[in-house]
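Student: My questions all concern the structure below.
Residue numbers (full-length UniProt numbering): 1 to 707.
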């Protein structure tokens with residue numbers, strides 16, 4: 001059982017309670033936040049009557065596997081969750097649905113947890129929250145359908161992205177654990193949800209929720225996930241939306257599969273046309289009653305302008321279009337340029353609309369770069385990158401200097417497919433290095449998470465705003481929240497195809513078969529800059545489902561390996577026992593050597609330059625053959641720049657499936673000029689191949705200069 005954090009205790013109370021023999025730990029409550037179709041086609045998951053060896057067919061579309069979704073609940077009446085043609089509920093299932101909740105053979109569990117929420121916020125407001133697993137937010141319905149939604153046609157959002165909607169594992173069963181409410185997701189509720197999911201018998205847990213990074217023994221998600229993995233449950237979690245800044249990744253425990261977000265080859269162009277004829281690219285999925293008249297140019301104003309024609313008298317607040325900041329006399333009948341930040345993107349449009357504005361252009365801040373997210377705005381609106389925001393501001397300023405009225409319109413161009421390049425790493429996707437253990441590569445990989453069509457609640461409109469009276473069966477959202485359930489559903493397919501695979505084996509298969517090239521043949525781009533992305537952005541690469549079904553080799557792990565890792569992380573025995581409930585024994589950990597010796601699918605080294613000119617380290621990996629018997633794998637080494645890398649032996653000869661063989665990786669480096677407190681990261685790869693399978697491990701070397 002997991003240890004539940006308690007609220008409303010004084011320090012003195014906590015100290016007394018912690019001394020009770022039956023109390024395992026007291027952990028301060030954290031409030032977590034959510035990390036908010038074409039993706040199956042983009043991933044190569046198409047049902048086929050001729051290819052019976054595809055992942056979908058091999059796994060029977062995930063039938064009889066159970067995906068537990070810990071989120072905001074679910075809208076059970078949605079057609080994505082129908083149970084037509086499904087077999088009886090698996091006999092292994094130990095969970096239940098309340099009698100007043102409309103479950104079926106698709107949704108086979110529905111529980112909700114609110115004690116942590118109410119301990120902090122007081123009694124729940126029943127007029128704004130469902131006191132059940134029903135979803136009033138939409139996020140949980142969206143993520144659940146990405147993981148395991150049924151085929152639904154036609155599907156679209158306000159006329160955009162028309163086609164067939166489907167989850168990764170269309171026949172997998174869903175069990176829903178609602179832990180997120182209007183004020184957030186509370187650790188104590190998340191812990192209880194994990195416990196219940198494991199007891200119920202889920203095979204996969206999908207968690208699109210995150211918070212700050214703390215040591216693993218203080219991280220409720222890491223603790224709960226360890227107990228799940230210990231029971232054979234695969235846990236995937238969103239990497240967070242704090243990108244593109246470095247060390248922004250969350251959910252970094254090595255036993256959790258951490259998923260960043262990439263694009264697919266579809267977008268929703270909505271261009272700004274300025275009065276000087278210049279066309280500025282943007283994106284949007286707006287459709288509503290208040291459209292712009294085709295061909296007509298409207299007065300354009302920058303809400304933060306200090307010159308004539310600004311949006312009001314509140315300066316910085318007005319530039320961000322915060323609530324109450326715009327002067328209706330200045331924006332009425334105009335298109336308003338708003339800066340991104342503070343309030344939500346769609347909320348800015350609502351502010352513009354309430355002040356009488358006729359449209360909005362939302363400009364990225366410098367930190368956001370050129371990454372664009374399409375939103376279901378409540379006013380005709382589009383989003384543009386930081387550089388193009390500057391273009392529009394200069395156009396406005398130049399016209400005002402000449403006492404001319406700046407004008408513009410927005411042209412909504414619908415849905416575009418076949419976009420080049422794709423995938424790209426989404427600007428918002430959180431980046432490495434891992435702030436807790438830099439020797440463990442995080443994120444592990446990326447999956448589709450930008451402008452993803454999936455199911456939606458009937459309780460709120462597609463913007464998520466209370467004032468939005470529109471309703472849509474499907475919605476287009478972006479975030480690592482959307483990327484995570486792609487991997488959750490794929491894990492269910494892999495578990496169905498390979499019932500004997502452990503959570504670590506599934507993660508290994510996904511990582512070692514991931515790709516790093518886009519559909520133009522170049523290294524995946526970073527959406528925020530347009531430059532090549534790096535291993536710190538995409539981890540092992542972009543998920544490749546079909547190859548993951550037959551990876552050849554896997555790097556497997558047991559909970560004892562993780563305990564050795566924690567021992568070598570210099571955690572105390574009592575620290576470790578907060579994570580692993582059995583008595584921790586660190587004596588054997590010395591044989592494991594160091595944290596980088598964890599049998600992970602990636603290999604990372606951190607060298608701290610304490611005056612040495614030459615430094616070296618080594619790692620041992622154990623490869624398990626899950627491919628063909630009598631197979632011989634030969635190694636290819638792509639060393640990071642400026643390093644010398646050797647692998648011994650250079651050939652692995654397997655006689656049977658399931659056989660394990662070791663190899664040793666040695667890395668030698670020379671010190672490089674670095675300023676105090678700075679670091680330099682370079683990457684390469686170690687690739688094993690038998691001519692049929694290609695097993696790729698990222699190889700990362702980080703040089704650090706101490707303060």
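The C-beta atom is built at its ideal place from N, Cα and C for all residues, glycine as well.
Computed from a predicted structure; not experimentally measured.
Does the beta-carbon of residue 386 have 16 or more other beta-carbons within 10 angstroms, so that it is buried, or is it exposed?
Tutor: So residue 386 counts as buried.
Student: If distances are taken between C-alpha atoms only, which option among 595, 449, 117, 143 comes closest to residue 131?
Tutor: When only C-alpha atoms are compared, the closest one is 117.
Student: Tell me which same chain residues have a C-beta within less than 6 Å of the C-beta of residue 372, skipping the five on either side of it?
Tutor: If we look at residue 372 and ignore the five residues flanking it on each side, its Cβ neighbours are 283, 383.
Student: Among residues of its own chain, excluding the 5 on either side of residue 115, which ones have a beta-carbon nearer than 7 Å to its beta-carbon?
Tutor: For residue 115, where only same-chain residues beyond five positions count, the Cβ hits under 7 Å are 188, 189.
Student: Would you call residue 30 buried or exposed, if buried means 16 or more other Cβ atoms sit within 10 Å of its Cβ?
Tutor: The residue is buried, with at least 16 neighbouring Cβ atoms inside 10 Å.
Student: Quick one: residues in its chain with C-beta nearer than 7 Å to the C-beta of residue 356, no 5 flanking neighbours on either side, listed in chain order?
Tutor: Excluding residues within five positions, the ones whose Cβ falls inside 7 Å are 328, 331, 332, 333.
Student: Taking one C-beta from the segment 160-169 and one from the segment 94-102 each time, how about it: are there three or more such pairs within less than 8 Å?
Tutor: With the cut-off at 8 Å, the segment 160-169 and the segment 94-102 do not touch.
Student: Checking 7 Å against the spacing of the C-beta atoms, do residue 583 and residue 424 come in under that value?
Tutor: Taking 7 Å as the Cβ cut-off, residue 583 and residue 424 do not qualify as a contacting pair.
Student: In whole angstroms, give me the CA-to-CA distance for residue 500 and residue 255.
Tutor: About 18 Å.
Student: Can you find the residues in the same chain that come closer than 6 Å, C-beta to C-beta, to residue 639, ignoring five residues on each side of it along the sequence?
Tutor: 645, 684, listed in sequence order.
Student: For the beta strand (DSSP E) holding residue 618, just list the boundary residues, first then last.
Tutor: Its beta strand (DSSP E) spans residues 614-625.
Student: Over the uninterrupted beta strand (DSSP E) stretch that includes residue 698, give me the two end residues.
Tutor: Counting along the chain, the beta strand (DSSP E) containing residue 698 begins and ends at 694-704.
Student: Go ahead and label residue 678 buried or exposed: buried means 16 or more other beta carbons lie within 10 angstroms of its beta carbon, across all protein chains shown.
Tutor: So residue 678 counts as exposed.
Student: Specify the secondary structure class of residue 182 as computed by DSSP and reduced to three states.
Tutor: Coil, per DSSP.
Student: With a threshold of 6 Å on Cβ separation, who are the neighbours of residue 375 within its own chain once the five nearest residues in sequence on each side are excluded?
Tutor: Around residue 375: 345, 346.
Student: Using CA coordinates, which residue listed in 90, 208, 109 is at the minimum distance from residue 488?
Tutor: Per the Cα distances, 208.
Student: Since residue 338 sits in a beta bridge, which residues does DSSP pair it with?
Tutor: DSSP output for residue 338 lists 362 as bridge partner(s).
Student: Do three or more CB pairs link the segment 142-152 to the segment 465-472 at distances below 8 Å?
Tutor: The segment 142-152 is not in contact with the segment 465-472.
Student: For residue 606, I'd like the list of residues in its chain whose CB is within less than 7 Å of its CB, leaving aside the five on either flank, ordered along the chain.
Tutor: Closer than 7 Å at Cβ, skipping near neighbours: 438, 439, 702, 704.
Student: Using only the alpha-carbon positions, how far apart do residue 669 and residue 555 sit?
Tutor: Residue 669 and residue 555: Cα-Cα distance of roughly 26 Å.
Student: Taking the Cβ atom as the reference point for each residue, do residue 512 and residue 696 lie within a distance shorter than 7 Å?
Tutor: Taking 7 Å as the Cβ cut-off, residue 512 and residue 696 qualify as a contacting pair.
Student: Tell me the start and end of each unbroken alpha helix (DSSP H) in the segment 177-249 that is at least 4 residues and wholly inside, in chain order.
Tutor: Within the segment 177-249, the complete alpha helix (DSSP H) runs of at least 4 residues are 187-200, 220-230.
Student: DSSP state of residue 466, grouped into three classes?
Tutor: Residue state, collapsed to three classes: coil.
Student: Would you identify the three-state DSSP class for residue 486, choosing helix, strand or coil?
Tutor: Here residue 486 sits in helix by DSSP.
Student: Compare the beta carbon distance of residue 629 and residue 656 with 7 Å and say whether it is the shorter of the two.
Tutor: Yes; because the gap between Cβ atoms is below 7 Å, this pair is in contact.
Student: For residue 85, count neighbouring C-beta atoms within 10 Å of its own C-beta (all shown protein chains included) and say buried if the count is 16 or more, exposed if not.
Tutor: Exposed, since its Cβ has fewer than 16 Cβ neighbours within 10 Å.
Student: For residue 309, which residues of its own chain have a beta-carbon under 6 Å away from its beta-carbon, when the five flanking residues on both sides are left out?
Tutor: Because residue 309 sits at a pLDDT of 49, beneath the cut-off of 50, its placement in the model cannot be relied upon, and the point is left open.
Student: Classify residue 35: buried if its beta carbon has 16 or more other beta carbons within 10 angstroms, exposed otherwise.
Tutor: Confidence at residue 35 is low in this model, with a pLDDT of 47, below 50, so its placement is unreliable and the value that follows should be read with caution. With 16 or more other Cβ atoms within 10 Å, it is buried.
Student: If I follow the unbroken alpha helix (DSSP H) through residue 350, where does it start and stop?
Tutor: It spans 345-354 - the alpha helix (DSSP H) in which residue 350 sits, taken as one unbroken run.
Student: Do the CB positions of residue 108 and residue 177 come within less than 7 Å of each other?
Tutor: No. Outside cutoff.
Student: Going by the beta-carbon positions, is the gap between residue 446 and residue 260 smaller than 7 Å?
Tutor: Yes. Within cutoff.
Student: Where do the N-terminal and C-terminal ends of the beta strand (DSSP E) with residue 666 fall, by residue?
Tutor: Residue 666 -> beta strand (DSSP E) spans 660-670.
Student: Quick one: what's got a C-beta closer than 6 Å to residue 234's C-beta in the same chain, skipping five residues either side?
Tutor: Answer for residue 234: 204, 491, 503, 506, listed in chain order.
Student: So, using beta-carbon positions, are residue 410 and residue 292 closer together than 7 Å?
Tutor: Yes, Cβ-Cβ distance for residue 410 and residue 292 is below 7 Å.
Student: Which residue wins for smallest C-alpha separation from residue 563, given the options 553, 540, 588?
Tutor: Nearest C-alpha to residue 563: 588.
Student: Cβ atoms of residue 617 and residue 597: under 7 Å apart, would you say?
Tutor: Going by C-beta atoms, residue 597 is not nearer than 7 Å to residue 617.
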